[in-house]
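Notes follow the structure.
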Amino acid sequence: FVPAQFTQECRSDTYPPPSSSEVEWFDVSLDEAPIIRWRHVVARRQSQIRDLLLQFKNFIRQLTGSSVYFNLVARSLTLIAPTVPQPYQDEMVGISTVTGIPLGEILLYNIFYEATNL
Amino acid sequence: CTSVLAEDSKGVLYHARNLDFGLFFGWDKAKKTWLVTEYLRPTIVNIRFKKSGQTVFMSTHFAGYVGILTALKPGRFSLTVNSRNSLDGSSTLGIIEWILGKRDAVWMGFLTRRVMETADSYAQAKQMLTGTKMLAPAYFILGGNSTMQGCIITRSRNAAIDVWERSAAANHTWYLLQTNYDHWKPPFVLDDRRTPGNKCMMAKGQASMGFKEIFNVLSSIPVLNKLTTYTALMRVDTGEYHSYRQTCKDPCPIW
Chain A
657 FVPAQFTQEC RSDTYPPPSS SEVEWFDVSL DEAPIIRWRH VVARRQSQIR
707 DLLLQFKNFI RQLTGSSVYF NLVARSLTLI APTVPQPYQD EMVGISTVTG
757 IPLGEILLYN IFYEATNL
Chain B
2 CTSVLAEDSK GVLYHARNLD FGLFFGWDKA KKTWLVTEYL RPTIVNIRFK
52 KSGQTVFMST HFAGYVGILT ALKPGRFSLT VNSRNSLDGS STLGIIEWIL
102 GKRDAVWMGF LTRRVMETAD SYAQAKQMLT GTKMLAPAYF ILGGNSTMQG
152 CIITRSRNAA IDVWERSAAA NHTWYLLQTN YDHWKPPFVL DDRRTPGNKC
202 MMAKGQASMG FKEIFNVLSS IPVLNKLTTY TALMRVDTGE YHSYRQTCKD
252 PCPIW
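Protein chains in written order, with our numbering: chain A, 657 to 774; chain B, 2 to 256.
Take a look at the structure:
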């Protein structure tokens with residue numbers, strides 16, 4: 657089913673959406689040290705972030721037939737992590753620490769836009 | 002992605018977007034869904050960035066991602082990012098240059114974050130988004146706080162190759178709609194969300210424009226599709242910001 661096959665009319669009955677679809681709010685203080693300012697957010701979503709990255713890792717493994725490529729990229733990114741500008745570098749280190757996800761994978765997640773464009 | 006800037010007949014500007022992501026990153030045959038899209042949806046969070054106890058700006062994130070894809074600075078401006086693929090000036094060269102030590106270009110998410118933190122006005126945000134060298138091309142959809150403000154910036158890695166101002170938009174100056182294709186070219190024939198999106202915006206009309214009708218447009222197929230993770234609704238003058246996880250039930254296009 658690609659869009660060209662669809663001729664659905666404009667909807668007029670979708671608002672307000674169910675409250676269950678509302679996105680949860682968090683405060684992030686820019687006065688806090690970058691390394692700790694995201695901890696309460698990622699602590700609440702660490703299993704979801706881990707599942708997402710695992711899914712992506714599985715996808716690359718199925719595509720290439722091996723985990724070697726993903727691990728190689730993640731390890732290489734760990735090496736260039738110190739070149740990421742501050743405060744984003746420290747924020748990612750903090751996220752990696754709280755979630756236990758390797759820094760290279762957190763960096764890959766954060767440059768996903770450029771990586772997928774590539 | 003689909004982003005919309007629309008002004009009602011009273012001069013109130015609304016900014017909204019669908020964030021679509023996950024194309025070709027694995028397909029679940031049983032559930033008929035994109036795997037990465039399904040795994041992204043539970044990570045969505047809204048963030049109030051605060052300084053000295055005051056809200057500086059609000060944004061919607063995939064938890065763990067520190068850059069900005071959708072954000073509002075109350076009373077100042079709003080910003081959404083749509084991805085742009087371009088054979089000339091893709092991110093390949095930019096990433097290689099970065100690894101080799103040439104670091105005069107900026108990662109997209111870090112640029113938008115800097116804009117939200119430091120720009121104090123629509124004009125300043127526009128200047129930063131048009132004039133900063135980037136690692137990959139993108140579309141920046143920027144809304145302001147007063148009538149007729151709002152533009153779509155088409156970026157190559159080096160510069161803005163087009164700035165589509167609302168005042169210059171032909172036929173329908175009251176809104177601009179951007180998907181993932183240059184607005185002066187026809188969209189890819191198998192991924193035309195622009196035509197149905199425009200059709201729905203024109204059918205709703207300026208007089209009835211507001212969160213309700215923009216949400217209805219963004220919930221109409223194929224603007225809403227199996228890649229859609231969330232819809233965000235923003236109003237700069239009042240600082241209102243809402244975002245909702247979106248799912249598209251069958252029959253639904255795969256993109």
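Using N, Cα and C, we set each Cβ at its ideal position, and we do this for glycine too.
Would the segment 751-762 of chain A count as touching the segment 94-105 of chain B if we require 3 or more Cβ pairs under 8 Å? Touching, no, given that fewer than three Cβ pairs across the two stretches are closer than 8 Å.
Look up Cys253 of chain B in the DSSP assignment and say whether it is helix, strand or coil. Within the second sequence, numbered from 1, the residue matching residue 253 of chain B stands at position 252. In this structure, Cys253 of chain B counts as coil in the three-state DSSP scheme.
Tell me whether the beta-carbon of Asn83 of chain B lies closer than 8 Å to the beta-carbon of Ser4 of chain B. Mapped onto the second sequence, residue 83 of chain B falls at position 82. Mapped onto the second sequence, residue 4 of chain B falls at position 3. Yes, these two residues count as a Cβ contact at 8 Å.
Tell me, please, which residues DSSP counts as bridged to Gly144 of chain B. Within the second sequence, numbered from 1, the residue matching residue 144 of chain B stands at position 143. Among the bridge pairs identified by DSSP, Gly144 of chain B is matched with B:Ser79.
At what residues does the beta strand (DSSP E) containing Ala64 of chain B begin and finish? The count along the second sequence starts at 1 and reaches residue 64 of chain B at position 63. Run containing Ala64 of chain B: none; DSSP gives neither H nor E here.
Same chain, Cβ closer than 6 Å to Pro690 of chain A, neighbours up to 5 away in sequence not counted: In the first sequence, the residue the question calls residue 690 of chain A occupies position 34. Take Pro690 of chain A, set aside five residues on each side of it, and the residues of its chain with a beta-carbon closer than 6 Å to its own are Pro743, Asp746, Glu747, in chain order.
Report, in whole angstroms, the separation of the C-beta atoms of Glu214 of chain B and Lys205 of chain B, which I expect to be a contact under 8 Å. Within the second sequence, the letter at position 213 stands for residue 214 of chain B. Within the second sequence, the letter at position 204 stands for residue 205 of chain B. By a beta-carbon distance limit of 8 Å, Glu214 of chain B contacts Lys205 of chain B. Their separation comes to about 4 Å.
Skipping 5 residues on each side, what residues in its chain have a beta carbon closer than 6 Å to that of Ile142 of chain B? As a position in the second sequence, residue 142 of chain B is number 141, starting the count at 1. Correct list, in chain order: Ser4, Thr81, Ile153, Gln179.
Could you tell me how far apart the beta carbons of Asp251 of chain B and Lys30 of chain B are, in whole angstroms, since I believe they sit closer than 8 Å? Counting from 1 along the second sequence, the entry for residue 251 of chain B is found at position 250. Counting from 1 along the second sequence, the entry for residue 30 of chain B is found at position 29. The distance from the Cβ of Asp251 of chain B to that of Lys30 of chain B is about 14 Å, inconsistent with a contact at the 8 Å cut-off.
Enclosing beta strand (DSSP E) for Arg18 of chain B [first to last residue]: Counting from one through the second sequence, the residue named residue 18 of chain B turns up at place 17. Unbroken beta strand (DSSP E) run through Arg18 of chain B: 14-21.
At a Cβ threshold of 8 Å, is Ile100 of chain B touching chain A? Walking along the second sequence from the start, residue 100 of chain B turns up at place 99. Cβ-Cβ to chain A under 8 Å: yes for Ile100 of chain B.
So, does the CB of Asp683 of chain A fall closer than 8 Å to a CB anywhere in chain B? Taking the first residue of the first sequence as 1, we reach residue 683 of chain A at position 27. True, the Cβ-Cβ gap to chain B drops below 8 Å.
Just to confirm my understanding: we take Thr131 of chain B, look at its own chain, exclude 5 residues before and 5 after, and list those with CB closer than 6 Å. What are they? Here the question's residue 131 of chain B lines up with position 130 in the second sequence. The beta carbon of Thr131 of chain B sits closer than 6 Å to those of Ile154, Ala161, all from its chain and outside the five residues before and after it, given in chain order.
Could you tell me how far apart the beta carbons of Tyr765 of chain A and Leu728 of chain A are, in whole angstroms, since I believe they sit closer than 8 Å? Looking up residue 765 of chain A in the first sequence gives position 109. Looking up residue 728 of chain A in the first sequence gives position 72. Going by Cβ atoms, the distance from Tyr765 of chain A to Leu728 of chain A rounds to 17 Å, so no, they are not a contact pair.
Please report the distance separating the alpha-carbon of Val237 of chain B from that of Asn217 of chain B. In the second sequence, residue 237 of chain B corresponds to position 236, counting from 1. In the second sequence, residue 217 of chain B corresponds to position 216, counting from 1. Using only the alpha carbons, I get a separation of about 20 Å.
Given that Val67 of chain B touches chain A, what residues does it touch there, using C-beta distances under 8 Å? Sequence index remark: in the second sequence, residue 67 of chain B carries index 66 (1-based). Result: Trp694, Tyr744, Glu747, Met748, Ile751, Asn766.
Between the CA atoms of Met109 of chain B and Leu136 of chain B - distance to the nearest angstrom: Within the second sequence, residue 136 of chain B is the residue found at index 135, counting from 1. Within the second sequence, residue 109 of chain B is the residue found at index 108, counting from 1. If I take the Cα positions, the gap works out to 7 Å.
Count the C-beta pairs between the segment 48-55 of chain B and the segment 677-696 of chain A that are closer than 8 Å, then say yes if the count reaches three, no if not. Contact check between the segment 48-55 of chain B and the segment 677-696 of chain A: three or more CB pairs, one atom from each, fall below 8 Å, which counts as touching.
Let me see if you follow: with CB-CB separation under 8 Å, is Val698 of chain A close to chain B or not? Your numbering for residue 698 of chain A matches position 42 in the first sequence. Chain B places a beta carbon closer than 8 Å to that of Val698 of chain A, counting this residue as a contact.
Would you say Met129 of chain B reaches chain A, if we count a Cβ-Cβ gap shorter than 8 Å as a contact? As a working note, residue 129 of chain B is residue 128 in the second sequence. Cβ-Cβ to chain A under 8 Å: no for Met129 of chain B.
Through-space distance from Glu166 of chain B to Glu118 of chain B, alpha-carbon basis: The residue you call residue 118 of chain B lines up with position 117 of the second sequence. The residue you call residue 166 of chain B lines up with position 165 of the second sequence. Put simply, the backbone Cα of Glu118 of chain B is about 24 Å away from that of Glu166 of chain B.
Answer yes or no: do Thr734 of chain A and Leu759 of chain A have a C-beta to C-beta separation smaller than 8 Å? Taking the first sequence and counting its residues from 1, the one referred to as residue 734 of chain A is at position 78. Taking the first sequence and counting its residues from 1, the one referred to as residue 759 of chain A is at position 103. A distance below 8 Å separates the beta carbons of Thr734 of chain A and Leu759 of chain A.
8 Å is my cut-off, CB to CB: does Asn217 of chain B come that close to chain A? To locate residue 217 of chain B, count along the second sequence from 1; it is residue 216. Under the Cβ distance rule, Asn217 of chain B counts among the residues neighbouring chain A, one pair being separated by less than 8 Å.
DSSP-derived helix/strand/coil call for Tyr182 of chain B: For this step, residue 182 of chain B is matched to residue 181 along the second sequence. Coil.
When you compare the CB of Arg717 of chain A with every CB in chain B, is at least one pair closer than 8 Å? Counting from one through the first sequence, the residue named residue 717 of chain A turns up at place 61. In terms of beta-carbon proximity, Arg717 of chain A stays away from the interface with chain B, with every pair separated by 8 Å or more.
Leaving aside the five residues before and after Ile762 of chain A along the sequence, list all residues of the same chain whose C-beta is less than 7 Å from its C-beta, in chain order. Position 106 of the first sequence, counted from the first residue, corresponds to residue 762 of chain A. Taking C-beta separations shorter than 7 Å and ignoring five residues to either side along the sequence, the partners of Ile762 of chain A in its chain run Met748, Ile751, Ser752, following chain order.
Need the endpoints of the beta strand (DSSP E) that Ala7 of chain B sits in, please. In the second sequence, the residue the question calls residue 7 of chain B occupies position 6. Unbroken beta strand (DSSP E) run through Ala7 of chain B: 3-8.
Positions along the segment 42-72 of chain B whose CB lies within less than 7 Å of some CB in chain A: Of all residues in the segment 42-72 of chain B, Pro43, Thr44, Ile45, Val46, Asn47, Ile48, Arg49, Phe50, Lys51, Lys52, Ser53, Val57, Thr61, Ala64, Gly65, Tyr66, Val67, Gly68 have a Cβ within less than 7 Å of some Cβ in chain A.
How big is the Cα-Cα spacing for Arg717 of chain A and His243 of chain B? For the purposes of this step, residue 717 of chain A is taken as the residue at position 61 of the first sequence. For the purposes of this step, residue 243 of chain B is taken as the residue at position 242 of the second sequence. Cα to Cα, Arg717 of chain A sits roughly 37 Å from His243 of chain B.
Check whether the Cβ atoms of Arg156 of chain B and Pro138 of chain B sit closer than 8 Å, and answer yes or no. Residue 156 of chain B sits at position 155 when you count from the first residue of the second sequence. Residue 138 of chain B sits at position 137 when you count from the first residue of the second sequence. Closer than 8 Å, so yes.
What first and last residue would you give for the alpha helix (DSSP H) that runs through Val46 of chain B? The residue you call residue 46 of chain B lines up with position 45 of the second sequence. Looking at the DSSP string, Val46 of chain B is not in any alpha helix (DSSP H); the run it does join, the beta strand (DSSP E), is 45-52.
Rounded C-alpha distance that separates Trp694 of chain A from Thr56 of chain B: Counting from 1 along the first sequence, the entry for residue 694 of chain A is found at position 38. Counting from 1 along the second sequence, the entry for residue 56 of chain B is found at position 55. The C-alpha of Trp694 of chain A lies about 16 Å from the C-alpha of Thr56 of chain B.
How is the alpha helix (DSSP H) around Phe712 of chain A delimited, first residue to last? Mapped onto the first sequence, residue 712 of chain A falls at position 56. Element bounds for Phe712 of chain A: 695-720.
Roughly how many angstroms separate the alpha carbons of Cys253 of chain B and Pro741 of chain A, rounded to a whole number? Position 252 of the second sequence, counted from the start, is the residue given in the question as residue 253 of chain B. Position 85 of the first sequence, counted from the start, is the residue given in the question as residue 741 of chain A. Distance between the alpha carbons of Cys253 of chain B and Pro741 of chain A: 41 Å.
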